[in-house]
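Notes follow once the structure below has been shown.
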Amino acid sequence: MTQVRATTRCAAVALLALAGLGARAHAQDFTTGLPPALCAGLSGGRDVAPSVALEHGLPGDGRPAIEASFTSWLGVPGLTTRALAAGIGFGTVRAACGVSRTGVEPFGWDAAGAALGAVGERAGAAVRAIGRREDDGETHPRAVTGAEVGAGAWVRAGAGARVWAEAPQVWTRGSPPPLPRSLAIGVVVESDGVAAWLQRTSPARALEATGQHEGGIAVDMGPARVWLEARERPLRAAFGLQAAIRGVAVRVRAEAHPVLGETVTIVVGTARGGAR
Amino acid sequence: MKARRAIGPLVVPHLGPLDVPRIGPLDVPLAALAVLFSLTLVAGGSVADPIEPPLEADPGADYVAEPSDSLEAGSAMYGYGIGGRSGSGVATRRSFAFEGDSLDVALRDGDDDPYRGGDVGAKARSGEFRAGRVAPRWGLGLVMGTPREPWSAFDDAALEPWAPRARSGDGALWRAPAGAVEMLCARFAKRTVTGVALRRGALGVGIAGRDAAPPQASLGLGGEDASIEGALDRAGRWRGEAALRRGDGGGAWLLRLRAGHTGWRSLTDPRRFDPPALASASRTLVAGALTARITLATWRYAADTVGSRAAVEAAWPAGGGRLRLGVEEQHGAWRPHAVTHGPPRGMRQGTWIEWRGGSPALGLVARHESWGRRPFARAVVRGATGAGIEARLPLGVLLAVSHTVYRVTSGETLYLPERDADRWVLRALSGAGQRSRIAVRCPFSGGQADGELALQPVRGVVTPRWDLRWSRRVRVRGG
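Residue numbers (my numbering), protein chains in the order written: chain A, 19 to 294; chain B, -13 to 465.
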């Protein structure tokens, strides 16, 4: 117990260091392993994971899907997030739900989320809601202690381009979220299997005067897709790989940090037969 | 006939000073978005004027633009609204307007309505008579009315709804047929002002006076390409202004000049202190699908209080929508020291980028702007990132959601235009924060129901502000 507490406290310190260093987290409880640019308004056989709606408020593609994810944050032992998400669609309506666990009991928190949205040929929007229940180190967890509601939308901007916006924490109640997430807007352009994007994230904390920019490039390589991301403040990079084989999709994303350890996300879920 | 403008459907986001009255030749092809962003398709031309409250308004407080509801002849409209915020009571607003062939009536009443009151207008062979709220304007507004703000370089129509409307008073006004003669007696700023004006063609002359102030005379010449006005009072103070226009649409330019005595004050609003000297020029350039506007303006309140701005903005169709980029540099004092009670702000350089587009069912606007004390907008003093959507739902329901995150340093103010159910409000924001709005409009009981919820955390505490309004327009006979 003492060793677990010490480990979890180290994790908490790491999170505080993460926040203090201004390394904005772009996901929390339902890490998608995908940048939002590669989720907004995809079509033509590409899979949009249900966790995208839960995490970014960007609606999924409507096919029944289920996926499980595991994230190891900053290389800190015990600081992990495990999530299970499912999504479905009826006509233009999209829905998703999921549960996740961050940390090691009796420390950490549980989260449950739901998202509801609509998708058309040229645009889509969704609303997300997340509730969290924290453990306080005792044998019985407390009641729900925090909630947040947000939304996102994307619009097709001509052939091969999409503009999106997400505000994951428009409203919060109770205990503040583990990490603040602010409004983000971006544009992605795709052509001949190559996509490039640029995103602007506004400052999340009152003491932050400026926001953050990030960009990336993704390349389709047969049944797989690889991408590189770069972010500033602090400057860091991420690499991702997504592949789908025989109805199973796997995504792996690793993000480096100039001071802390790497953050690795692994996602396994259902996929369209043979498509990405 | 008192000119009013129809309240259009919801407009999506309150994303910064350049967001509301954006129009240009590029908007014509965007007919698919006509409903969603229709208010941006109303005015004409201007895209590069910063949205700031008028000179007489408190720069640190919200400013409510005078509503301008237009009615078709032979129709009436009634509106009732309630609103409130956390910790405060409920405020009510009511409005009634009737527009007939020879009679029009407008009434506004509300706890928080700065334009409450009413007016009635009647037309007959002998002319037009108005009683209640009257808003006369002679020439360029030097004597009667309100001149354009010194930083404005465009026509009034392009600034809707923030165009400087003629100062409203409470009294009576009579105009002869074709406006050849105008006589008025009304109270402005708690003082009774009387005046008479004569017009013949483009030439107009008038004289106005009030207690404890020398009378003022105005001589004006107005036309499509040029407007000139000169004003003089018995104490020898004078003011003159000229606005010259050339061209139309692409390739248009506007030149504006003013000169005069520092001690000149308007009879209708002694609090307003317009700069006695200013010069501005604006030019519109069209190259294919690209529209660009260049604006240069400078003004002087006093020998040590001068201000200027230079702006370039370009817009072109992109991705089924419209992309706009802009750069502006500002110097000096935009308001006189008498209003700001502080030193003039130094150099400010700002940049912005905005894209709006989408489908008829869902429109999206995304915008980012940044203002800094140093070149290339560094040392940011004002910054805002915003996004909004407007969705057309079944049963005629319109839903608009917007979210803005802003950072404004001490001594600076960011103005966000917002559309309440029946009026435009310029929100003055400072500090670090965010503002979210959800607005819904739907048909109800033969009329239209509007609801709005605004969330803005203050010191970490969310203070919701809500408004509900129902209005209905009907066709009537006679009048």
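In this text, a Cβ means the ideal position worked out from N, Cα and C, and glycines have one as well.
Here the structure is a predicted model, which means the values were calculated and not measured.
Residue nearest to Gly233(A) in terms of C-alpha spacing, selected from Thr219(A), Ala224(A), Pro241(A): Along the first sequence, read from residue 1 onward, the residue named residue 233(A) stands at position 215. When only C-alpha atoms are compared, the closest one is Thr219(A).
As assigned by DSSP and simplified to three states, the class of Phe259(B): Counting from one through the second sequence, the residue named residue 259(B) turns up at place 273. If DSSP states are grouped into helix, strand and coil, Phe259(B) belongs with coil.
Proximity of Gly125(B) and Gly190(B) at Cβ, strictly below 8 Å: The sequence position of residue 125(B) within the second sequence is 139, counting from 1. The sequence position of residue 190(B) within the second sequence is 204, counting from 1. Contact: yes.
Boundaries (first-last residue) of the alpha helix (DSSP H) holding His74(A): What you label residue 74(A) is simply residue 56 of the first sequence in a count that begins at 1. Taken as a continuous stretch (DSSP letters only), the alpha helix (DSSP H) holding His74(A) covers 68 to 74.
Cα-Cα separation, Ser356(B) to Leu402(B): Position 370 of the second sequence, counted from the first residue, corresponds to residue 356(B). Position 416 of the second sequence, counted from the first residue, corresponds to residue 402(B). When rounded, the distance between both Cα atoms is 14 Å.
Sub-8 Å separation of Glu227(B) and Glu210(B) beta-carbons: Here residue 227(B) refers to the residue found at position 241 when the second sequence is read from its first residue. Here residue 210(B) refers to the residue found at position 224 when the second sequence is read from its first residue. No, these two residues do not count as a Cβ contact at 8 Å.
Below-8 Å beta-carbon distance, Val366(B) vs any chain A residue: Your numbering for residue 366(B) matches position 380 in the second sequence. It does: the Cβ of Val366(B) has a partner Cβ on chain A nearer than 8 Å.
Within chain B, the residues that Ala113(A) reaches when beta carbons sit closer than 8 Å: The residue labelled residue 113(A) in the question sits at position 95 within the first sequence. Under the 8 Å cutoff, chain B gives no residues; its nearest Cβ is about 17 Å from Ala113(A).
Opening and closing residue of the beta strand (DSSP E) in which Tyr401(B) lies: Locating residue 401(B) in the second sequence gives position 415, counting from the first residue. That run of the beta strand (DSSP E) goes 400 to 405.
Through-space distance from Ala296(B) to Ser268(B), alpha-carbon basis: Here residue 268(B) refers to the residue found at position 282 of the second sequence. Here residue 296(B) refers to the residue found at position 310 of the second sequence. Straight-line Cα distance between these residues: approximately 10 Å.
One or two residues paired with Arg161(B) in a DSSP bridge: Taking the second sequence and counting its residues from 1, the one referred to as residue 161(B) is at position 175. Paired residue(s): Glu114(B), Glu168(B).
Span of the beta strand (DSSP E) around Trp127(A): Position 109 of the first sequence, counted from the first residue, corresponds to residue 127(A). 125 to 137 is the extent of the beta strand (DSSP E) around Trp127(A).
Close beta carbons around Trp285(B), own chain, < 6 Å, minus the five adjacent residues each side: Indexing the second sequence from 1 puts residue 285(B) at position 299. These residues qualify, in order along the chain: Pro136, Pro261, Leu264, Gly293.
Residue-level contact to chain B via CB, Ser220(A), 8 Å cutoff: Here residue 220(A) refers to the residue found at position 202 of the first sequence. Yes, its Cβ sits closer than 8 Å to a Cβ of chain B.
Check whether Ile148(A) and Glu123(A) have beta carbons under 8 Å apart: As a first step, residue 148(A) is located in the first sequence; it is residue number 130 there, counting from the start. As a first step, residue 123(A) is located in the first sequence; it is residue number 105 there, counting from the start. Result no, Cβ atoms of Ile148(A) and Glu123(A) do not sit closer than 8 Å.
Rounded C-alpha distance that separates Ser118(A) from Thr99(A): Translated into the one-based positions of the first sequence, residue 118(A) becomes position 100. Translated into the one-based positions of the first sequence, residue 99(A) becomes position 81. In a straight line, the C-alpha of Ser118(A) is about 7 Å away from that of Thr99(A).
Gly80(A) in three-state terms, based on DSSP: Taking the first residue of the first sequence as 1, we reach residue 80(A) at position 62. Shown here, Gly80(A) sits in coil according to DSSP, grouped into three states, outside any helix or strand.
Beta strand (DSSP E) segment containing Gln434(B), residue limits: In the second sequence, counting from the first residue as 1, residue 434(B) sits at position 448. From DSSP, the beta strand (DSSP E) with Gln434(B) extends over 433 to 444.
Beta strand (DSSP E) segment containing Cys115(A), residue limits: Counting from one through the first sequence, the residue named residue 115(A) turns up at place 97. First-last of the beta strand (DSSP E) with Cys115(A): 111 to 120.
Of the residues Leu271(B), Phe174(B), Ala304(B), Ala278(B), the one placed nearest Val207(A), counting alpha carbons only: The residue you call residue 207(A) lines up with position 189 of the first sequence. Checking every option, the nearest Cα to that of Val207(A) belongs to Ala304(B).
Burial state of Val33(B) (16 or more Cβ within 10 Å): Along the second sequence, read from residue 1 onward, the residue named residue 33(B) stands at position 47. Here Val33(B) scores only 41 on pLDDT, less than 50, and its place in the model is too uncertain to base an answer on.
Chain B within 8 Å of Ala101(A), Cβ atoms only: Residue mapping note: residue 101(A) aligns to position 83 of the first sequence, counting from 1. No, no contact with chain B.
Sub-8 Å separation of Met63(B) and Ala83(B) beta-carbons: Counting from 1 along the second sequence, the entry for residue 63(B) is found at position 77. Counting from 1 along the second sequence, the entry for residue 83(B) is found at position 97. Yes.
Exposure label - Met239(A); buried when at least 16 CB within 10 Å: Residue numbering aside, residue 239(A) sits at position 221 when the first sequence is read from its first letter. Per the 10 Å Cβ criterion, exposed.
Status (buried if at least 16 other CB within 10 Å, exposed otherwise) for Met130(B): Taking the second sequence and counting its residues from 1, one reaches residue 130(B) at position 144. Buried, because 16 or more other Cβ atoms sit within 10 Å of the Cβ of Met130(B).
CA nearest to the CA of Val106(B), picked from Asp95(B), Asp98(B), Glu85(B): Counted from its first residue, the second sequence places residue 106(B) at position 120. Out of Asp95(B), Asp98(B), Glu85(B), Glu85(B) has the C-alpha closest to the C-alpha of Val106(B).
Cβ of Leu201(A) within 8 Å of any chain B Cβ: Taking the first sequence and counting its residues from 1, one reaches residue 201(A) at position 183. Yes, contact with chain B.
Thr228(A): contacting residues in chain B (beta-carbon distance under 9 Å): Translated into the one-based positions of the first sequence, residue 228(A) becomes position 210. Result: Ser356, Val366, Gly369, Arg393.
Of the listed residues Phe430(B), Arg308(B), Arg413(B), Thr390(B), nearest to Arg421(B) (C-alpha basis): Residue 421(B) sits at position 435 when you count from the first residue of the second sequence. Comparing Cα-Cα distances from Arg421(B) to each of Phe430(B), Arg308(B), Arg413(B), Thr390(B), the minimum goes to Thr390(B).
Tyr392(B): first and last residue of the uninterrupted beta strand (DSSP E) it sits in: Looking up residue 392(B) in the second sequence gives position 406. That run of the beta strand (DSSP E) goes 383 to 394.
Outcome for Phe430(B) when other beta-carbon atoms lying within 10 angstroms are tallied against a minimum of 16: Here residue 430(B) is taken as the residue at index 444 of the second sequence, counted from 1. Label assigned to Phe430(B): exposed.
Coil, strand or helix - Leu56(A) by DSSP: Looking up residue 56(A) in the first sequence gives position 38. Three-state result, Leu56(A): helix.
Ala363(B) in three-state terms, based on DSSP: By one-based count along the second sequence, residue 363(B) stands at place 377. The three-state secondary structure of Ala363(B), taken from DSSP, is helix.
Short-range partners of chain A found in the segment 374 to 403 of chain B, where Cβ spacing is below 7 Å: From the segment 374 to 403 of chain B, only Ile375, Ala377, Val387, His389, Val391, Arg393 have a Cβ closer than 7 Å to chain A.
Residue-level contact to chain B via CB, Val94(A), 8 Å cutoff: For the purposes of this step, residue 94(A) is taken as residue 76 along the first sequence, with counting starting at 1. By this cut-off, Val94(A) is not an interface position.
Cutoff 8 Å: Trp239(B) Cβ touching any chain A Cβ: On the second sequence, residue 239(B) is found 253 positions in, with the first residue counted as 1. Chain A contact via Cβ: absent.
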